[in-house]
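Here is the structure we will look at, set down as structure tokens.
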Amino acid sequence: MGSGAVTVARVHNAVRDAAAIGGGDDVALVAAARAGDRRSFRELYLRHLDAVYGRMTRLVGPVAERDDLVQQVFIDVYQALPRFRGDARFSTFVHRISINVAFEHLRRRRRSNDRNQPLDDIELDRLVAAGASPEVRAADREELARVFRQLAALKPKLRIAFVLVAIEGMPLAEAAELVGAERDAVKQRVLNARRALSERLARLDRAAARAGGGG
Amino acid sequence: MTERDDRDDVDERVIAPLRRARLEVDDIHAARMAVGIEAGLDAPAAAPARPPGRLLGVASVCALAAAAAVAVIAMRGAAQRTAHVPRPVELAPYVYVGPGAESARLSPAARLSVPVGAKLRASAGTAVRLTLVGPGAVAASTVDGATELVLEGGLLLVDFDHNADGKLRVRAPGAVVTAVGTLFAVDASDGRTRVAVMRGVIDVDVAAGRRRLVGASAWAPGDGEAGAGPIPPVLAAALVEHDVSPSPPVGDYVVVDERSLGDPPLVARVASGSRVARNRPAARAVDQAPPLTAPPEAPVPVPAPPLTRAPEMNAPAPPPTPVSEAEALYVAAEAQMRAGANEQARATLRELVARHGGDPRSEAALLDLARLSLAVGAAADARRFLARMPDPTRDRALVEPARHLRCRVHVAAGDMAAAATCLRSFRGQHPSSPHDAEVLAQLAAITDDCDRARPLLDEYLRRYPTGSFAAQATQRQRQCRP
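Respectively, the protein sequence lines represent chains A and B. First residue of the first sequence? That's 36 in the working numbering, and the numbers climb one at a time after it. First residue of the second sequence? That's 239 in the working numbering, and the numbers climb one at a time after it.
Rendered as structure tokens:
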């Protein structure tokens with residue numbers, strides 16, 4: 036329990052830290068970017084890129100469109116700068132847009148009945164530990180591919196809530212604010228996501244046992 | 239299972255792997271996305287807000303945006319600073335398709351990526367010809383008249399015509415390789431960079447300074463001041479194979495619609511920048527590189543398009559077609575083998591081969607017959623069955639297993655000279671084979687000469703430190719210490 040909580044906190048803090056490097060300076064950069072200063076916007080991009088990229092990867096998976104979506108987030112952020120009044124942190128503003136972009140993407144995929152996007156092998160490879168032996172890397176890659184296939188089966192809202200709360204360790208209230216929903220609704224989505232994943236894992240295990248028994 | 243168990247299961251099998259995943263963005267990646275963003279911000283305001291990818295494909299915008307990439311790299315303190323604005327260069331991938339072994343150029347792109355086990359050949363201008371072995375990706379640009387390849391991962395084999403104008407550089411993690419007219423390789427397949435030059439000269443710039451390598455030698459920046467060593471045999475074989483492979487075809491390129499290649503694909507994806515992949519049909523293709531022994535002018539005939547999946551992908555079977563007698567026989571033989579009725583299976587497979595020799599399934603039948611023979615120690619029979627199969631087989635999924643089985647037959651027959659040749663060739667042709675650990679171990683084990691065995695043992699221990707042959711390899715390494 037202890038180490039799990041520490042891991043959760045570390046992941047969450049890493050996400051937040053990456054987004055908030057020199058947080059106070061964001062204000063000046065945002066002001067300059069709003070006035071059309073591209074250099075300031077580039078600086079904002081660099082400050083928030085890791086966080087947006089990491090979250091987008093978890094939300095949509097290492098698919099071909101992931102980089103496009105990250106680019107879309109920053110384009111949308113730039114275009115929305117005039118509407119940013121500074122009531123919330125800039126990182127919150129950026130991540131709200133990230134989640135909207137991811138949600139639209141996941142919803143489009145679901146509507147087009149194309150949930151099982153092929154994962155990009157190169158991107159998948161980037162996610163596994165560097166320096167490990169080829170065998171370990173291959174096993175890690177396969178494990179991650181399985182994980183992303185499980186996540187792809189979730190409804191978009193469930194997946195987003197699960198990623199934010201269960202994987203990144205974000206407090207429910209913060210996640211609720213980010214996705215624009217009630218705290219209890221987010222909690223319920225996380226529980227539903229867990230249940231759905233658990234059922235899928237059990238089904239997979241049963242299928243594997245049957246295959247093993249038959250072969 | 240209790241709710242608590244369910245919870246643990248999800249924690250362990252979903253949440254934990256995702257938390258372990260490395261999610262950092264490297265500088266090259268960041269720069270490439272910056273290009274897309276800058277292009278997006280510079281796009282005409284009249285463009286629709288979204289569909290995605292409204293912005294790319296405009297060369298002038300990309301050229302402007304490339305400046306942003308430079309800025310990003312500089313701001314992030316990349317080790318290799320680019321002082322001048324890079325301009326995208328088209329990589330022209332090409333494949334050999336069709337029963338007539340026709341060649342085809344595919345839609346050119348600024349970046350090529352290939353998944354595990356796949357191989358793609360391309361040219362950049364008239365002076366550069368490359369083979370990319372996956373998983374890997376390479377992007378191309380020109381900086382100050384020099385062609386620059388950015389190797390994001392994988393094994394890159396390059397020959398560069400020094401008589402043509404310009405220079406060639408390859409940027410890989412931790413090293414920049416400048417070619418001075420040569421045949422060389424840069425391997426960035428496991429996060430570390432290794433270089434080898436077979437012919438000519440290359441300069442390797444690393445943090446510690448410049449290192450000049452002349453053919454035939456290999457070196458890794460991680461080796462520090464250690465001298466260059468011989469090129470590992472597998473890499474040497476791959477370089478030779480690249481060297482003798484057919485040149486790119488001339489004429490118009492063809493665009494392969496990815497939808498025609500099925501889903502999940504694929505053996506190679508060609509994407510010009512991350513956005514373009516979404517905006518137009520990405521060309522996807524299988525490189526049908528000939529075996530080492532094939533003359534350069536005679537690419538090996540392979541099945542006609544649509545291009546199919548690589549055997550390594552373990553892709554699902556194609557949609558069902560009407561069942562032929564050959565298929566029915568093969569299904570029956572499979573069922574017999576599953577049931578352990580190998581004698582019956584052999585009879586069924588023989589019948590299939592006898593009655594449907596021209597059917598693609600006869601190849602699978604011959605392979606199974608060879609396997610079954612080898613399993614009972616009849617290496618000579620296995621060899622006879624394999625001799626009836628073309629190499630490469632018409633069915634691409636059988637190429638790798640058939641070649642592997644050929645080598646096993648040599649080993650089983652005690653013909654070690656033929657086995658060594660076969661295993662070496664196999665490794666050159668299938669560097670990402672799932673059998674690689676076994677093949678490398680066999681090769682090392684049957685190589686008596688310590689000088690020749692040492693690089694194989696080193697490679698085995700480097701690539702498969704926990705492999706089943708590791709203990710023996712370590713012991714032999716000690717015995718072979720100079």
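We treat Cβ as the ideally placed atom computed from N, Cα and C, and that holds for glycine.
Burial is judged here by how many other beta carbons sit within 10 angstroms of a residue's own beta carbon; B/D674 has at least 16 and is buried.
A residue is called buried once 16 or more other Cβ atoms fall within 10 Å of its Cβ, and B/G460, having fewer, is exposed. DSSP, reduced to helix, strand and coil, places B/V263 outside both helices and strands of the structure shown, so it counts as coil. Approximately 13 Å separates the beta-carbon atoms of A/A137 and A/L193; this is outside 8 Å, ruling out the contact. According to the DSSP assignment, B/A456 belongs to the beta strand (DSSP E) that extends over 455–457. Considering only B/A635, B/R634, B/C645, the residue with the shortest C-alpha distance to B/A625 is B/C645. Listed by position along chain A, the residues whose Cβ is nearer than 9 Å to that of B/G460 form an empty set, because the closest Cβ is around 10 Å away. One finds P255 in chain B with Cβ atoms closer than 7 Å to the Cβ of A/E178, taken in chain order. Straight-line spacing of the CA atoms in B/P470 and B/A476 works out to 10 Å. Residue-level contact check: B/T380 does not touch chain A, since none of the beta carbons of chain A fall below 8 Å from its beta carbon. Note on B/T704: under 16 other CB atoms within 10 angstroms of its CB, so exposed under the neighbour-count rule.
The beta carbon of B/A658 lies closer than 7 Å to those of L681, I684, T685 in the same chain, with the five residues before and after it left out. Here B/K357 carries a strand assignment [DSSP, helix/strand/coil]. If you ignore the 5 residues before and after B/V637, its C-beta comes within less than 6 Å of the C-beta of P630, T631, all in its own chain and listed in chain order. The beta-carbon separation of B/V366 and B/T380, rounded to 11 Å, does not stay under the 8 Å limit for a contact. By the neighbour-count criterion, in which 16 or more other beta carbons inside 10 Å mark a residue as buried, A/T92 falls on the buried side. Among the residues of chain B, none has a CB under 7 Å from the CB of A/S126; the nearest is roughly 16 Å distant. Contact with chain A is found for B/M271, since one of that chain's Cβ atoms lies less than 8 Å from the residue's Cβ. The beta carbon of B/T586 lies closer than 7 Å to those of L567, A570, A571, Q574 in the same chain, with the five residues before and after it left out. Per DSSP, A/A99 is not a residue of any alpha helix (DSSP H), being assigned neither H nor E. Per DSSP, B/F398 lies in no alpha helix (DSSP H); the unbroken beta strand (DSSP E) holding it starts and ends at 384–398. DSSP, reduced to helix, strand and coil, places A/G215 outside both helices and strands of the structure shown, so it counts as coil. Under DSSP, B/T369 forms a beta bridge with B/R359, B/L395. Counting C-beta pairs closer than 8 Å gives fewer than three between the segment 447–461 of chain B and the segment 647–655 of chain B, which falls short of the contact rule.
The bridge partners DSSP lists for B/V415 are B/V408, B/V442.
Under the Cβ distance rule, A/L79 does not count among the residues neighbouring chain B, no pair being separated by less than 8 Å. In this structure, DSSP gives A/R124 a state outside helix and strand, which the three-state scheme calls coil. In terms of CA proximity to B/T431, B/V414 leads the group B/L661, B/Q715, B/V414, B/A602. Contacts between A/P169 and chain B, judged by CB atoms closer than 7 Å, involve D428, R701 in chain order.
For A/I110, the nearest beta carbon of chain B is closer than 8 Å to its own beta carbon. Inter-residue distance for B/E581 and B/F623 is about 16 Å (C-alpha atoms, whole angstroms).
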